[in-house]
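To keep things clear, I will list the structure first and then write my remarks on it.
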Amino acid sequence: MAGYNEIRGLRVKYLSADPSNAEDGQVWYNSTTGNLRVEGIGVAAWSSGGPLVSAVTGIANTGTQTASIAYGGNLPPNTTAAYEYNGSGWSTAPSLPEARSEMSKAGTQTAVISTGGKSSAPGMDASFEYNGSSWTAGGTMGTARYTQDGDGTQTAAFICGGQTNPPLAPSAKTEEYDGTSWTNGGDLNQARNRIKAAGTQTAGLALGGSGYPLAVGPIGNSSEEYDGSSWTAGNSINTARYSAAAGGAQTSALLYGGTGSPATLTATETYDGTSYTTSPASLATGRSGLGGDGGNNAYLAVGGSTPSRTAATEEYNFSTSTVTAAAWSSNPALSYSVDANLASSGSLTSAVAAGGYNAPAGPGTVSYIAKAATWNGTAWSNITDMPVRRTSNNAVGATAPAFYTFGGQNQPGPSTSTHLPSTFNWNGSSWGAGPNLAEGQAGGAAAGIPNAIVLMGGTNPPGSISNNIQQYNGSSWSNSPVNMPTNMSSNGGVGTQTAAISFGGYQGASPFPSAGVTNTYEWDGSSISSGGSMVFGLLGCSGSGTSTAALSYGGRNTAGNKNAIGMLYNGTSWATSPSLGTARDYIAMGPMGSATSCLAVAGSGGAQSLVEEFTGETTTVNPARNITTS
Numbered sequence: 090m091a092g093y094n095e096i097r098g099l100r101v102k103y104l105s106a107d108p109s110n111a112e113d114g115q116v117w118y119n120s121t122t123g124n125l126r127v128e129g130i131g132v133a134a135w136s137s138g139g140p141l142v143s144a145v146t147g148i149a150n151t152g153t154q155t156a157s158i159a160y161g162g163n164l165p166p167n168t169t170a171a172y173e174y175n176g177s178g179w180s181t182a183p184s185l186p187e188a189r190s191e192m193s194k195a196g197t198q199t200a201v202i203s204t205g206g207k208s209s210a211p212g213m214d215a216s217f218e219y220n221g222s223s224w225t226a227g228g229t230m231g232t233a234r235y236t237q238d239g240d241g242t243q244t245a246a247f248i249c250g251g252q253t254n255p256p257l258a259p260s261a262k263t264e265e266y267d268g269t270s271w272t273n274g275g276d277l278n279q280a281r282n283r284i285k286a287a288g289t290q291t292a293g294l295a296l297g298g299s300g301y302p303l304a305v306g307p308i309g310n311s312s313e314e315y316d317g318s319s320w321t322a323g324n325s326i327n328t329a330r331y332s333a334a335a336g337g338a339q340t341s342a343l344l345y346g347g348t349g350s351p352a353t354l355t356a357t358e359t360y361d362g363t364s365y366t367t368s369p370a371s372l373a374t375g376r377s378g379l380g381g382d383g384g385n386n387a388y389l390a391v392g393g394s395t396p397s398r399t400a401a402t403e404e405y406n407f408s409t410s411t412v413t414a415a416a417w418s419s420n421p422a423l424s425y426s427v428d429a430n431l432a433s434s435g436s437l438t439s440a441v442a443a444g445g446y447n448a449p450a451g452p453g454t455v456s457y458i459a460k461a462a463t464w465n466g467t468a469w470s471n472i473t474d475m476p477v478r479r480t481s482n483n484a485v486g487a488t489a490p491a492f493y494t495f496g497g498q499n500q501p502g503p504s505t506s507t508h509l510p511s512t513f514n515w516n517g518s519s520w521g522a523g524p525n526l527a528e529g530q531a532g533g534a535a536a537g538i539p540n541a542i543v544l545m546g547g548t549n550p551p552g553s554i555s556n557n558i559q560q561y562n563g564s565s566w567s568n569s570p571v572n573m574p575t576n577m578s579s580n581g582g583v584g585t586q587t588a589a590i591s592f593g594g595y596q597g598a599s600p601f602p603s604a605g606v607t608n609t610y611e612w613d614g615s616s617i618s619s620g621g622s623m624v625f626g627l628l629g630c631s632g633s634g635t636s637t638a639a640l641s642y643g644g645r646n647t648a649g650n651k652n653a654i655g656m657l658y659n660g661t662s663w664a665t666s667p668s669l670g671t672a673r674d675y676i677a678m679g680p681m682g683s684a685t686s687c688l689a690v691a692g693s694g695g696a697q698s699l700v701e702e703f704t705g706e707t708t709t710v711n712p713a714r715n716i717t718t719s
């Protein structure tokens with residue numbers, strides 16, 4: 090074996106001790122131990138991020154993996170929607186002035202220049218600039234087109250290729266932006282549409298693309314490099330493609346997804362300034378027409394078509410750290426049969442669930458239930474039934490048997506329903522009665538621990554929607570002198586008696602609506618104020634966590650459809666989070682863990698007794714290791 094001083098291409102340090110701040114790929118010889126060592130070698134991998142709010146193709150995306158903006162695209166129809174990514178999920182951003190798809194990208198999350206695309210006409214020449222809070226008109230392109238792409242900064246951008254209409258033909262045109270106006274640059278050597286670009290105005294890349302009609306052919310695997318005035322042919326990419334995504338610099342770039350062979354690609358390629366190398370990391374979801382950008386070995390893949398439109402977001406990383414994405418997974422089912430509207434509280438290792446609703450089996454059937462069960466981290470076990478059947482009841486309690494349930498609706502007969510003021514606690518072996526609520530209330534948002542609770546909103550006799558806030562001090566319930574700003578029911582809640590949030594729900598009066606709201610309200614123990622709006626309106630949503638780190642999951646969206654998407658709240662704003670495996674609403678009411686570790690129990694929508702477990706993103710560092718020992 091060669092000695093360490095014969096290793097070519099790497100500088101090897103001669104040290105008496107391992108460095109405390111070694112960098113990725115650093116090699117050194119430890120003279121004390123006689124070990125030749127290397128800091129953990131980077132691993133390439135794609136992992137799931139928070140999904141887009143809507144499934145969309147032809148979307149544009151620019152920025153970094155932790156601060157990105159995506160905008161436009163086709164739902165269908167073409168959309169004005171824009172979204173911002175914070176490194177874990179998407180939130181809504183100010184809309185484009187005009188609905189467009191297949192626009193170009195350039196800039197950062199707070200300084201965008203984008204142009205062209207499809208709207209009322211197939212090829213547009215107008216540009217839009219974004220400053221982090223609003224969109225304004227930018228300079229007009231010299232050549233109207235769509236399916237072009239670009240990169241650079243808001244004040245030094247370039248675009249190239251695309252398709253003109255009329256005439257319907259691929260373009261070789263390059264244009265440069267100086268923050269005010271577009272001017273012609275050097276033409277591509279090959280006209281092409283559905284191209285992808287990366288780099289800067291003076292060091293750019295043009296990758297893949299096709300001629301018209303959309304045949305991959307010899308153009309699909311070509312690349313060109315730009316020096317600010319002219320393009321020169323580069324080495325061929327390994328997988329011919331168009332409608333892909335790309336990001337990075339002229340000397341360090343990533344190309345991924347697109348249409349080729351097969352039709353929707355998962356293949357990912359890296360570029361080091363000389364050659365393209367197929368990465369061992371492939372997209373989990375093969376797709377075309379996706380958005381993407383990034384750099385420094387950290388990239389995003391956003392939306393696209395599979396061929397059906399997708400909301401999937403994936404993150405690419407090459408580092409010494411292995412990222413395991415946040416995700417929901419199946420857990421053992423609840424031990425009793427229930428559709429929805431039960432109460433629960435606890436954690437991944439200790440929880441209690443009680444009550445709920447089953448669809449009537451026939452005329453004269455009592456649908457509300459008194460069943461209850463405990464969870465020990467491995468399995469659910471039935472316990473003694475509650476003294477009274479109830480549904481839409483709330484509960485608090487960090488672990489079993491500290492379980493306290495209150496309110497809800499009782500069903501004395503098949504066609505009657507009563508709002509309950511009664512409360513019960515489970516002590517591990519039996520149910521005990523507690524003090525009554527100040528008034529019967531069902532389906533509101535609750536937070537706290539068994540001796541310090543706040544209950545916000547819900548319905549009360551005779552079934553009207555309430556803005557009432559009730560509090561429990563460990564001995565009695567009382568109405569707060571402060572009410573919610575609006576009537577609200579079927580809202581979610583997490584936190585403590587003095588630091589809680591209510592989110593989603595529905596307002597107004599009967600009949601029961603199909604659309605939820607985006608409202609978030611923050612309670613500090615004595616006053617209530619508006620918080621950040623949810624990404625979209627929900628009713629019948631559930632949640633876990635705290636007022637500054639909350640996870641919402643499930644619910645019914647504004648279209649009246651049962652929902653699977655999760656959302657995270659950081660105390661200021663909401664962003665998307667990985668989706669449940671099964672869309673459902675009216676999941677068990679009550680926190681079942683934290684924002685990064687929780688259970689979702691039952692819920693309507695074919696999810697009877699279904700339990701899913703959420704695990705947040707984790708990172709494992711690959712430690713330094715020996716190459717050889719002397």
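Counting in our numbering, the sequence shown tops out at residue 719, every number present.
Where a beta carbon is used, it is the ideal one built from N, C-alpha and C, also for glycine.
These numbers come from a predicted model, not from an experiment.
Short Cβ contact (8 Å threshold) for residue i with residue j
i: A335; j: G381; result: yes
i: A522; j: G679; result: no
i: L628; j: Y595; result: yes
i: A487; j: M475; result: no
i: M192; j: A440; result: no
i: R281; j: G268; result: no
i: V201; j: E173; result: no
i: D316; j: S341; result: no
i: A527; j: W566; result: yes
i: S136; j: N167; result: no
i: V606; j: G593; result: yes
i: T357; j: A401; result: no
i: T512; j: Q498; result: no
i: A246; j: G196; result: yes
i: N516; j: P490; result: yes
i: K194; j: T232; result: no
i: G430; j: T480; result: Looking at the sequence provided, one finds Asn at residue 430 rather than Gly. It is a contact, given that the beta carbons lie within the stated cut-off.
Three-state secondary structure assigned by DSSP to residue i
i: G293; result: strand
i: A304; result: Model confidence at A304 stands at a pLDDT of 45, short of 50, so the residue's coordinates are unreliable; what they give is reported in the following sentence. DSSP places A304 in coil when its eight states are reduced to three.
i: G327; result: Reading off the sequence shown, one finds Asn at residue 327, where the question assumed Gly. Note: N327 maps to coil in three-state DSSP.
i: G309; result: helix
i: K102; result: strand
i: T272; result: strand
i: S599; result: Low confidence applies to S599: its pLDDT is 49, below 50, so where it sits in the model is not reliable, and the reading given next is rough at best. Of the three classes helix, strand and coil, the one that applies to S599 here is coil, per DSSP.
i: D382; result: strand
i: Q560; result: strand
i: A489; result: coil
i: V700; result: strand
i: E528; result: coil
i: A645; result: Checking the displayed sequence, the identity of residue 645 turns out to be Arg instead of Ala. Three-state result, R645: strand.
Closest Cα partner of residue i within the set the options
i: S311; options: S341, A352, Y365 and Q290; result: Y365
i: A484; options: S433, T507 and S397; result: S433
i: G383; options: A226, P421, N150 and E701; result: N150
i: S519; options: N471, I538, N549 and T480; result: N471
i: Q560; options: N576, A589 and P574; result: A589
i: I148; options: P570, V391, F492 and G297; result: V391
i: T609; options: T575, T587 and S615; result: T575
i: I676; options: T121, G378 and K651; result: K651
i: A134; options: T355, F625, T467 and F247; result: T355
i: C249; options: T229, A295, R189 and G546; result: A295
i: A333; options: L343, S120, S260 and C687; result: L343
i: A639; options: W663, G649 and R645; result: W663
i: T225; options: S190, T232 and P186; result: P186
Whole-angstrom C-beta distance between residue j and residue i, which should lie under 8 Å
i: A689; j: Y658; result: Rounded, the Cβ-Cβ distance is 17 Å, inconsistent with contact.
i: T709; j: S223; result: Wrong, their Cβ atoms sit about 41 Å apart, outside the cutoff.
i: A604; j: T548; result: With 8 Å as the limit, A604 and T548 do not qualify as a contact, their Cβ atoms being about 17 Å apart.
i: A416; j: T704; result: 6 Å
i: S180; j: G138; result: Contact flag wrong, Cβ pair sits at about 13 Å.
i: N73; j: T363; result: Given that the chain is displayed from residue 90 to residue 719, the structure contains no residue 73 and the question cannot be resolved.
One or two residues paired with residue i in a DSSP bridge
i: R234; result: M213
i: M678; result: A432
i: K207; result: S190
i: V606; result: L627
i: T480; result: Q498
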